[in-house]
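Protein chains in written order, with the working numbering: chain A, 1 to 75; chain C, 1 to 75; chain W, 1 to 75; chain L, 1 to 75; chain F, 1 to 75; chain H, 1 to 75; chain Z, 1 to 75.
C-beta atoms are modelled at their ideal positions from N, C-alpha and C, and glycine is treated no differently.
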Amino acid sequence: MPPQKKTADLLNESLNKRILVELKGNREYRGILEGYDHPHMNLVLRNAEEAKDGEIVRKIDRVIIRGDNIIYISP
Amino acid sequence: MPPQKKTADLLNESLNKRILVELKGNREYRGILEGYDHPHMNLVLRNAEEAKDGEIVRKIDRVIIRGDNIIYISP
Amino acid sequence: MPPQKKTADLLNESLNKRILVELKGNREYRGILEGYDHPHMNLVLRNAEEAKDGEIVRKIDRVIIRGDNIIYISP
Amino acid sequence: MPPQKKTADLLNESLNKRILVELKGNREYRGILEGYDHPHMNLVLRNAEEAKDGEIVRKIDRVIIRGDNIIYISP
Amino acid sequence: MPPQKKTADLLNESLNKRILVELKGNREYRGILEGYDHPHMNLVLRNAEEAKDGEIVRKIDRVIIRGDNIIYISP
Amino acid sequence: MPPQKKTADLLNESLNKRILVELKGNREYRGILEGYDHPHMNLVLRNAEEAKDGEIVRKIDRVIIRGDNIIYISP
Amino acid sequence: MPPQKKTADLLNESLNKRILVELKGNREYRGILEGYDHPHMNLVLRNAEEAKDGEIVRKIDRVIIRGDNIIYISP
C-alpha cells in the first residue's frame, strides 16, 4: 500500500491558509482555515467571503460551515 | 500539527453573544446563543428573529434550531 | 466554559406547555408538549393544530412528530 | 424533571387501535397498529387505507411503513 | 405491553410469498420474497415485475431492492 | 424461520457475472461484478456501460459505484 | 466465496493515477488520486479539473471531494 495523503492531512496542512469551499446550491466560501472537525468536515474560517453564482454576497469575520453541505474544499 | 479552533471552541466563545444562523431554504436566524448540542449543532437562541429572503418574518423569544438544516453559523 | 442551556433543558422546561413546531414544507404545529425523545427530537403533542401556509388545516388530539422534519421548536 | 409521555409510550398505548400516519408527498395511511420498530418508527398496520391528496387510492390488508418517510402519527 | 407484530415478524411470515413493494418516485415492485436484511430492509425478490405509474415496465428474474427507497411493503 | 437468501448471498453468487444496477436519476449500469462492500452496497464493476434514459452514454473499464444511489441490483 | 476486489482495493491500486469522479448535479472531476478516507470515500486529488455538463469549468491544484456526493469513481 503506497503512502497516501488523507483528507485530514490536507486539512492540517491548510490550517491558517486561505481555502475555497464549494457548497451545494452554488454557494462558495473563501477564507482562512482556523480549524475543522474530523470526520464531519465542519470548518471554521476567518476573513471569509460568501459568493453566490460567482458574486460576493457577504463578508463574514468568522464562520462555522457545516460539513454536510460541502461538495469540495480546495486549499 | 498547529493549534486549531474547532467548531465547539467557537460556539463556546459565542455563548451569550449574538450570532447569525443561515439555514437551507433562504432562512436566517439572529439571536443570542444560549447553548448548543455537540456534535449535532442544535442551537438554543433567545431574543431571536427569523428572516426569509432578507425580511424579518417573525420574532421569537426562544427557539431550538435543529442542526440538520444549518448551512453556516457566524458569531 | 460558561453554563449553557442545552436543547434538552429547554424541552424539559417546556413539558406541559404550549409550543410551536415548524417543519419542512411550510407546516406548523402548535400543541402542548407531553414528551420528547432525545436526541432524535421526536415530539409528543396534545391538543394540537396543524397549519399549512398560515391556515389551520387540522386539529389533532394527540400527535407524534418525527424529529427529522423539524426546522425549529419555539416554547 | 416532570414525568413525560415518550413516543414509545404513545405507540404502545395505540397497539390494536386505529391510527393515522402522514407521510412525505401528501400520502396518508389509516389502519390498526399491530407493531412498531423502535427507534426507527417502522410501523405494521392492518386493515389499512392509503389516501393521496385526500382520496382513498388503495386498501391494503397488511402493510409495513418505513419510519423514514413519516411526518407524524396520530392515534 | 401487549404482544406486537414487528416488521421482522411480518417479513418472516412473507418469505416465499408474493409481496408488493412501493418505492419513492412512483415505482412499484411485485415478486416473491426470498430474503431481507434487518434493519436495512433491503429485499431479495424473485419473479419480479417493476411497474411505473401503474404500467409494468420490466420483468426481472431476481432483484435486490435497497431499503432506503422503500415507502411501504405489503405482503 | 425458513431459510432465506440475503442480499450478501445473492451478491456473492453474482461475483464475476454480469449484473444490472439501477441508480436514482434514470441511470443504469451493466457490468461484471468484481466485488462489493457490505453493508454499504458499494460495487466494483468491470467492462461496464452507463446508460441514461435507455441509451448507452459511456463505456467504462472499471468503476466503483456508491451504494447510496442504488435503487436495485439485478443479477 | 470467490476472491473479490473491494472498493478499497481498487482505490488503493489507483493511488497516484488519474481517475474520473462523477458527482450528483452533472459535475465531473478528473485528477490524480493522492488519498482517500475509508469508508466515507472522501478523495484527495491533485492536478484536478472540474467539468460541468461536459465543459471544463475550473482547474484546481488540489482538492478534497466529499464522498457523499459521489455517484461513481472510475480509475
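{"Item": "Between the Cα of D61 (chain F) and the Cα atoms of H:L43, H:P3, H:A48, H:L20, which residue gives the shortest distance?", "Value": "H:L20"}
{"Item": "Tell me which same chain residues have a C-beta within less than 7 Å of the C-beta of K52 (chain C), skipping the five on either side of it?", "Value": "N26, R27"}
{"Item": "Would DSSP call N69 (chain W) helix, strand or coil?", "Value": "helix"}
{"Item": "Could you tell me the alpha carbon to alpha carbon distance between K17 (chain L) and K17 (chain W), rounded to whole angstroms?", "Value": "27 Å"}
{"Item": "Shortest alpha-carbon distance to I159 (chain L) belongs to which of F:G35, F:P75, F:E55?", "Value": "The requested residue 159 (chain L) is not part of the displayed model; chain L covers only 1 to 75."}
{"Item": "What residues in the stretch 45–63 of chain A bring their beta carbon closer than 7 Å to a beta carbon of chain C?", "Value": "I60, R62, V63"}
{"Item": "Would you mind working out which of H:V44, H:V57, H:Q4 sits nearest I73 (chain H), comparing C-alpha positions?", "Value": "H:V44"}
{"Item": "Along the chain, where does the alpha helix (DSSP H) containing L10 (chain C) start, and where does it finish?", "Value": "7–13"}
{"Item": "Per DSSP, what kind of secondary structure is D61 (chain C) in: helix, strand or coil?", "Value": "strand"}
{"Item": "Going along chain L in order, which residues have a C-beta closer than 7 Å to the C-beta of L69 (chain W)?", "Value": "Just to set this straight, residue 69 (chain W) is Asn in the shown sequence, not Leu. Simply I71."}
{"Item": "Just to check my reading of the structure: G76 (chain L) and K5 (chain F) have Cβ atoms closer than 8 Å, yes? What is that Cβ distance to the nearest angstrom?", "Value": "No statement about residue 76 (chain L) is possible, as the shown extent of chain L runs from 1 to 75 and does not include it."}
{"Item": "With a cut-off of 8 Å on the beta carbons, I'd call D37 (chain A) and P3 (chain C) a contact; round off their distance for me.", "Value": "With 8 Å as the limit, D37 (chain A) and P3 (chain C) do not qualify as a contact, their Cβ atoms being about 15 Å apart."}
{"Item": "How about N42 (chain L) and I71 (chain F): are their beta carbons less than 7 Å apart?", "Value": "no"}
{"Item": "Considering only residues of the same chain and omitting the five flanking positions on each side of K59 (chain L), which have a CB-CB separation below 6 Å?", "Value": "E49"}
{"Item": "Please classify G31 (chain W) as buried or exposed, where buried requires at least 16 neighbouring CB atoms within 10 angstroms.", "Value": "buried"}
{"Item": "Can you find a C-beta in chain F that's less than 7 Å from the C-beta of E34 (chain L)?", "Value": "yes"}
{"Item": "Taking 7 Å as the CB-CB cut-off, is S14 (chain Z) touching chain H?", "Value": "no"}
{"Item": "With burial defined as no fewer than 16 other Cβ atoms inside 10 Å of the residue's Cβ, what is the status of E22 (chain C): buried or exposed?", "Value": "buried"}
{"Item": "Using a threshold of 7 Å, state whether the C-beta atoms of L10 (chain Z) and L33 (chain Z) are closer than that.", "Value": "no"}
{"Item": "Which residues in chain Z have a C-beta closer than 7 Å to the C-beta of D9 (chain H)? List them in chain order.", "Value": "By Cβ distance, chain Z contributes nothing, its closest Cβ being about 10 Å from D9 (chain H), past 7 Å."}
{"Item": "Taking 7 Å as the CB-CB limit, is R18 (chain W) close to chain L?", "Value": "no"}
{"Item": "So what's K24 (chain H) in DSSP terms, helix, strand or just coil?", "Value": "coil"}
{"Item": "Classify N42 (chain H) as helix, strand or coil using the three-state DSSP reduction.", "Value": "coil"}
{"Item": "Please list, in chain order, all residues of the same chain as N76 (chain W) whose beta carbon is under 6 Å from its beta carbon, the five residues on each side excluded.", "Value": "Absent from the model: residue 76 (chain W). The displayed extent of chain W is 1 to 75, so no value can be given."}
{"Item": "Residues bridged to G31 (chain Z) by DSSP?", "Value": "Z:I19"}
{"Item": "How long is the line joining the alpha carbons of Y29 (chain A) and A8 (chain A), rounded to whole angstroms?", "Value": "19 Å"}
{"Item": "So with Cβ pairs under 7 Å, would you call N42 (chain Z) a contact of chain A?", "Value": "yes"}
{"Item": "Could you tell me the distance, in whole angstroms, from the CA atom of I56 (chain F) to the CA atom of K24 (chain W)?", "Value": "34 Å"}
{"Item": "In whole angstroms, what is the alpha-carbon distance linking G54 (chain L) and N12 (chain A)?", "Value": "55 Å"}
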